[in-house]
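Undergrad: Can you keep this structure in mind? I'll have questions shortly.
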Amino acid sequence: MESLLNASNIDIAVSKLINKYHNAKYYLNFNSPNELLVCVMLSPQTKDETINKITPKLFSKYKTLKDFSNADPDELINYVRNVNFAKNKIKNIINASKIIVNEYNGKIPNNIDQLLNLPGIGRKSAISILINAYNIIEGIPVDTWVIKLSFRIGLSLSKNPDKIEADLEKIIDKKYWGKISYVLKQHGKETCKSVPICSKCIINDLCKKNNVVKSL
Ligand code: SF4
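Each residue of the sequence shown is one higher than the one before, starting from 1036 at the first, in our numbering.
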């Protein structure tokens, strides 16, 4: 296992972060599993703020997955213009909506394999949907914040999301799997920024990066 912290330091660091950011939650706004699916599919390579800004108008026009399944791409694109790779994403949203309407009676599947078979849904998206729509924990969603902070702190030496997820799942108690990604993201936004503020960090006595810098 490629963790640079020992098991007891990992437990302390994770507990401290979970306690500090106990209110951390999924960062996209949604009111139903259907809206969550669409948010998740729009979100890659696009800022959360952009998604949260455009979705109220989008969901007031397209209220159900049936609406999305019948959407005209040339009209739908007008609602998601600021989203990166919008054309490809709306194609996947329309096709995924058709499958869910036709094969799952309009209900988002609560099974990871069925979710992974939908167009445009990768592992991170599937895990996020299960956590936030159904409170089903199948793994840890690994986004760019998780990649960056896991390496800095010393939870994983890998830059590969699948390997990082496997590393984290070996060392972090399963009761935290549904929360840890949002906790790391919050910590990244507040303290472990591009230029980390290590002097004010609650885990600076444990963190690999801070201790490497100090020992130089
Ligand atoms: S000590 Fe510094 S690098 Fe480590 S988690 Fe804290 S802010 Fe990030």
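Built from N, CA and C at the ideal position, the CB exists for glycine as well.
On a predicted model such as this, the values are computed, not experimentally measured, just so you know.
Cutting at 7 Å between CB atoms, please list the residues of its own chain near Ser-1229, excluding the five before and the five after it.
TA: Residue 1229 sits at position 194 when you count from the first residue of the sequence shown. Taken in chain order, the list of residues that qualify is empty.
Undergrad: Which residues in the same chain as Asp-1083 place their Cβ atom closer than 8 Å to its Cβ, once the five residues preceding and following it in sequence are excluded?
TA: Mapped onto the sequence shown, residue 1083 falls at position 48. Here the set comprises Tyr-1062, Leu-1063.
Undergrad: Less than 7 Å separating the Cβ of Asn-1245 from some heavy atom of the ligand SF4?
TA: Stepping through the sequence shown from its first residue, residue 1245 is reached at position 210. True, at least one ligand heavy atom lies under 7 Å from that Cβ.
Undergrad: Where does Trp-1212 fall in DSSP's three states?
TA: As a working note, residue 1212 is residue 177 in the sequence shown. DSSP, read as helix, strand or coil, puts Trp-1212 in coil.
Undergrad: Just tell me which of Phe-1065, Asn-1069, Ser-1095 has its CA closest to the CA of Tyr-1139.
TA: Residue numbering aside, residue 1139 sits at position 104 when the sequence shown is read from its first letter. Taking only the C-alpha atoms, the option nearest Tyr-1139 is Asn-1069.
Undergrad: Comparing alpha-carbon positions, which option in Ile-1045, Cys-1074, Asp-1046 lies nearest Ala-1168?
TA: Numbered from its first residue, the sequence shown carries residue 1168 at position 133. When only C-alpha atoms are compared, the closest one is Cys-1074.
Undergrad: Consult DSSP for Asp-1197 and reduce its assignment to one of helix, strand or coil.
TA: Position 162 of the sequence shown, counted from the first residue, corresponds to residue 1197. Asp-1197: helix per DSSP, three-state reduction.
Undergrad: Distance check for Ser-1216 and Ala-1201, CA to CA, integer angstroms please.
TA: Translated into the one-based positions of the sequence shown, residue 1201 becomes position 166. Translated into the one-based positions of the sequence shown, residue 1216 becomes position 181. Roughly 14 Å between the two C-alpha positions.
Undergrad: Would Asn-1137 and Pro-1154 qualify as a contact pair, given that the criterion is a beta-carbon distance under 8 Å?
TA: Along the sequence shown, one-based indexing puts residue 1137 at 102. Along the sequence shown, one-based indexing puts residue 1154 at 119. Not in contact: Asn-1137 and Pro-1154 (Cβ atoms no closer than 8 Å).
Undergrad: Near Ile-1232, what residues of its chain come up, given a Cβ to Cβ distance below 8 Å and the 5 sequence neighbours on each side ignored?
TA: Mapped onto the sequence shown, residue 1232 falls at position 197. So the list reads Thr-1226, once near-sequence residues are dropped.
Undergrad: Less than 8 Å between the C-beta atoms of Leu-1122 and Ile-1112, yes or no?
TA: The residue labelled residue 1122 in the question sits at position 87 within the sequence shown. The residue labelled residue 1112 in the question sits at position 77 within the sequence shown. Reading the sequence as shown, one finds Lys at residue 1122 and not Leu. Against a cut-off of 8 Å, the Cβ pair of Ile-1112 and Lys-1122 comes out as a contact.
Undergrad: Using C-beta distances below 7 Å, list every residue in its chain close to Asn-1119, excluding the 5 sequence neighbours before and after it, in chain order.
TA: For the purposes of this step, residue 1119 is taken as the residue at position 84 of the sequence shown. Counting only Cβ-Cβ distances below 7 Å, and skipping sequence neighbours, we find Gln-1080, Thr-1081.
Undergrad: Ignore the nearest five residues each way along the sequence and tell me which others in Lys-1159's own chain have a CB closer than 8 Å to its CB.
TA: For the purposes of this step, residue 1159 is taken as the residue at position 124 of the sequence shown. Answer for Lys-1159: Pro-1176, Val-1177, Asp-1178, Pro-1196, listed in chain order.
Undergrad: How far does the alpha helix (DSSP H) with Val-1075 in it reach, from first residue to last?
TA: Locating residue 1075 in the sequence shown gives position 40, counting from the first residue. 1068-1077 is the span of the alpha helix (DSSP H), which, as asked, contains Val-1075.
Undergrad: Mind checking His-1057: buried by the 16 CB within 10 Å criterion, or exposed?
TA: Indexing the sequence shown from 1 puts residue 1057 at position 22. Counting Cβ neighbours within 10 Å, His-1057 comes out exposed, since fewer than 16 surround it.
Undergrad: Assign Asp-1178 to one of three DSSP states: helix, strand, or coil.
TA: Taking the first residue of the sequence shown as position 1, residue 1178 is located at position 143. Correct three-state label for Asp-1178: coil.
Undergrad: If we call anything under 8 Å between Cβ atoms a contact, is Lys-1257 one with Arg-1187?
TA: The first residue shown for the chain is 1036 and the last is 1251, placing residue 1257 beyond what the model contains.
Undergrad: Hey, out of Ala-1042, Lys-1055, Met-1076, whose CA is closest to Gln-1221's CA?
TA: Taking the sequence shown and counting its residues from 1, one reaches residue 1221 at position 186. Of the candidates Ala-1042, Lys-1055, Met-1076, the one whose C-alpha sits nearest the C-alpha of Gln-1221 is Lys-1055.
Undergrad: State yes or no: is the C-beta of Lys-1209 within less than 8 Å of the C-beta of Ile-1172?
TA: By one-based count along the sequence shown, residue 1209 stands at place 174. By one-based count along the sequence shown, residue 1172 stands at place 137. Yes.
Undergrad: Looking at Thr-1226 and the ligand SF4, is the gap between the Cβ and the nearest heavy atom below 7 Å?
TA: Locating residue 1226 in the sequence shown gives position 191, where the first residue counts as 1. At least one heavy atom of the ligand SF4 is nearer than 7 Å to the Cβ of Thr-1226, so yes.
Undergrad: Do Ile-1086 and Lys-1214 have their C-beta atoms within less than 8 Å of each other?
TA: Start at 1 with the first residue of the sequence shown, and residue 1086 comes out as number 51. Start at 1 with the first residue of the sequence shown, and residue 1214 comes out as number 179. Not closer than 8 Å, so no.
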